[in-house]
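S.K.:
Number of protein chains: 2
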Amino acid sequence: MTKIILVDDHKVFLQGMEALLSRSEDFEVIATFTDGLELMRYLAEGNLPDVLLLDIEMKAISGVEVAENVLKQYPSIKVIMLSTYFSEDFVQHLMESGISGYLLKSTGFPDLKAAINKVAEGSFAFSPDVMDIIVKGFGSKVKTKSASHDDSNPLTEREIELIRLIGDELTMKEIAEKLYLSEHTVKTHRKNIMTKMDVKNTAGMIKKAFILGLIE
Amino acid sequence: MTKIILVDDHKVFLQGMEALLSRSEDFEVIATFTDGLELMRYLAEGNLPDVLLLDIEMKAISGVEVAENVLKQYPSIKVIMLSTYFSEDFVQHLMESGISGYLLKSTGFPDLKAAINKVAEGSFAFSPDVMDIIVKGFGSKVKTKSASHDDSNPLTEREIELIRLIGDELTMKEIAEKLYLSEHTVKTHRKNIMTKMDVKNTAGMIKKAFILGLIE
DNA sequence: CAATTAATACCACAAAAGTGGTACTCAGTT
DNA sequence: AACTGAGTACCACTTTTGTGGTATTAATTG
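Each protein sequence line maps, in turn, to chains H and B. Going by our numbering, the final residue of the first sequence carries number 216, and the count climbs one at a time with no gaps. Going by our numbering, the final residue of the second sequence carries number 1216, and the count climbs one at a time with no gaps.
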């Protein structure tokens, strides 16, 4: 019997998943949460699942942060990320943090069940598309370590704040006014953000921020 | 017994919803689809549901287009849109097309069931947050019809193509080269896109495109 | 056939974004 | 006490976006 916790900010999804998983004898959904903070509180009370299914796109705290915290504090918990999209560097970063799986939501339920079982047994489970990326990624990593960008990615809180304001269509000048900062400062932040995110322009930044669940 | 069709490109979500709905005597899920084209084909064969639950964010064809086609061709079908986000003008536009409901995925299953029932009876169902927007929106619509932007929104295929390329971080020049167009043309397209989408800059455009399921 | 829409192309100017630096301060860490 | 990371600030320069027009063509639709 595999004990599972589900986290996703879409309640219907959560309930649907619970219904599906509960039909199987192998799984027990011990709790569901719509945000990472509640989850952390629950874990702190000593309620530890075998597998944690974690949606990546969450508003309050991004799924990535939650995953990292959980893995650091409770290394015995197997974490499977669920996402609509995939992003190469992103998956790599998460793998270094120790996730056991990364599945796309376009995956069917049978595959999901199989994935949970594999992970519960200590193995790994990644969507085929994701596997491609991983394999390719690791190949290029060995060859061109230097060409690889800053993979100690973490955007600071301030930077994420900036990203959101940029997403709200504010210009650097407007952001500077709003935050009582110099326009120079804001431009520096944006510059750093783009370097960290490895994007070329605003379009890429906003798109990636969306994929990473940083905005909306 | 309400006949339901579900459309969402996340298979797990689809299967979860089906499981949940099937537990109730009131509902019968007659089919599920991961894209709009298959749905249209199925409807064309004469398989008509009472209620169509339609995810808005879909890659191939956006949920909005699907909704409009369905409503035009099969006015008897009640359409409920499911979305992660809401956007004022967007909801208004859809309402003019005749949708019966617009729910956020953060809605719980009980509310969803209630919504389906209401809609099946010929009523409407909108998430509370969405209601706020509608009420506010209609207020301002009466007052400042002129201030309201172009609500005959439809982006052309070419425009959507451009949006995707912009999202891929290409500049106007690069897009022009790629598409064998003059840079002027590309700029004109972008200008029109921004007017239609009612956004101020690239950041807004990409964000909205994401929300509308136009990219990724 | 007239009207509309999509796609194309051009112009000129203003406003931002993007590039590539340096550098200071404050907290927290080693 | 030295180091690091986050946040702040500045400079100079180039490129791209964004604004606000006009206009032609082909295709579609009323």
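Don't be surprised by glycine CBs; every beta carbon is placed ideally from N, CA and C. In this text, all values refer to a predicted model and were calculated from it rather than measured experimentally.
#1: Determine, for R1219 of chain B, whether the minimum Cβ-Cβ distance to residues of chain H falls below 8 Å.
#2: State buried or exposed for K178 of chain H, treating a residue as buried only when at least 16 other CB atoms are found within 10 Å of its CB.
#3: For V64 of chain H, return the contacting residues in chain B, with the cut-off set at a CB-CB distance below 8 Å.
#4: Buried or exposed: which applies to Y1102 of chain B, given that a residue is buried once 16 or more other Cβ atoms fall within 10 Å of its Cβ?
#5: Looking at S1062 of chain B: is its Cβ nearer than 8 Å to the Cβ of L1214 of chain B?
#6: Using a C-beta to C-beta distance shorter than 8 Å, which residues of chain B count as neighbours of I215 of chain H?
#7: Helix, strand or coil: which one does DSSP assign to L955 of chain B?
#8: K1072 of chain B: buried (16+ other C-beta within 10 angstroms of its C-beta) or exposed?
#9: Please list, in chain order, the chain H residues whose beta carbon lies closer than 7 Å to that of H1189 of chain B.
#10: What does the Cβ neighbour count give for F1138 of chain B, buried or exposed, with the cut at 16 atoms within 10 Å?
#11: Please report the Cβ distance between I116 of chain H and F13 of chain H, rounded to the nearest whole angstrom; I am assuming they are in contact, meaning their Cβ atoms lie under 8 Å.
#12: Roughly how many whole angstroms lie between the Cα atoms of R1190 of chain B and I4 of chain H?
#13: For T2 of chain H, decide whether its Cβ has a neighbour in chain B, counting only Cβ atoms nearer than 8 Å.
#14: So, is T1195 of chain B buried or exposed, given that buried needs 16 or more other C-beta atoms within 10 angstroms?
#15: Spatial neighbours of V1119 of chain B within its chain, please: C-beta separation below 8 Å, excluding the five flanking residues on both sides.
#16: Check whether the Cβ of D35 of chain H lies closer than 8 Å to any Cβ atom in chain B.
#17: Taking only beta-carbon atoms, is N117 of chain H less than 8 Å away from chain B?
#18: Hey, Y85 of chain H and I166 of chain H are a contact pair by Cβ (cut 8 Å); roughly how many whole angstroms apart?
#19: Mind checking whether V199 of chain H and E1169 of chain B have CB atoms under 8 Å apart?
#20: Comparing C-alpha positions only, which one of B:N1192, B:L1112, B:I1030 and B:F1109 sits nearest to E1159 of chain B?
#21: Alpha carbon to alpha carbon, how far is L969 of chain B from V1070 of chain B?
#22: State buried or exposed for L43 of chain H, treating a residue as buried only when at least 16 other CB atoms are found within 10 Å of its CB.
#23: One question on the structure: do L94 of chain H and A67 of chain H come within less than 8 Å of each other, judged by their Cβ atoms?
#24: Give the secondary structure of G1213 of chain B by DSSP, where H, G and I count as helix, E and B as strand, and everything else as coil.
#25: Going residue by residue through the segment 1041 to 1115 of chain B, where are the continuous alpha helix (DSSP H) segments of at least 4 residues, counting only ones entirely within it?
M.R.: With the given structure in hand:
#1: With chain B covering only 1001 through 1216, there is no way to say anything about residue 1219 of chain B.
#2: A residue is called buried when at least 16 other Cβ atoms come within 10 angstroms of its Cβ; K178 of chain H does not meet this threshold and is exposed.
#3: Those within 8 Å of V64 of chain H in chain B number zero; the least Cβ separation is about 17 Å.
#4: Under this definition Y1102 of chain B is a buried residue.
#5: For S1062 of chain B and L1214 of chain B, yes; Cβs fall inside 8 Å.
#6: Per Cβ cutoff of 8 Å: K1207.
#7: Outside the displayed span of chain B (1001 to 1216) sits residue 955 of chain B, for which this structure offers no information.
#8: Residue burial annotation: K1072 of chain B is exposed, with fewer than 16 other C-beta atoms found within 10 angstroms of its C-beta.
#9: Result: empty, since nearest Cβ-Cβ is about 14 Å, beyond 7 Å.
#10: Bear in mind that a pLDDT of 49 at F1138 of chain B, under 50, signals an unreliable position, so the model cannot answer this.
#11: Your pair I116 of chain H and F13 of chain H does not check out as a contact, with CB atoms roughly 16 Å apart and the cut at 8 Å.
#12: So the two alpha carbons sit approximately 47 Å from each other.
#13: So no, T2 of chain H is outside the interface.
#14: So T1195 of chain B ends up on the exposed side.
#15: Take V1119 of chain B, set aside five residues on each side of it, and the residues of its chain with a beta-carbon closer than 8 Å to its own are V1051, K1078, I1080, S1100, G1101 and A1125, in chain order.
#16: No, D35 of chain H lies away from the interface with chain B (no Cβ there is under 8 Å from its Cβ).
#17: Not a single C-beta of chain B is nearer than 8 Å to the C-beta of N117 of chain H.
#18: Actually they are not in contact, since the Cβ atoms of Y85 of chain H and I166 of chain H sit about 20 Å apart, beyond 8 Å.
#19: Taking 8 Å as the Cβ cut-off, V199 of chain H and E1169 of chain B qualify as a contacting pair.
#20: Checking every option, the nearest Cα to that of E1159 of chain B belongs to B:N1192.
#21: Here chain B covers residues 1001 to 1216 and nothing more, so residue 969 of chain B does not appear.
#22: When all chains shown are included, L43 of chain H counts as buried.
#23: Contact flag set, yes.
#24: In the three-state DSSP reduction, G1213 of chain B falls in the coil class, being neither helix nor strand.
#25: You should have 1063 to 1073 and 1088 to 1097.
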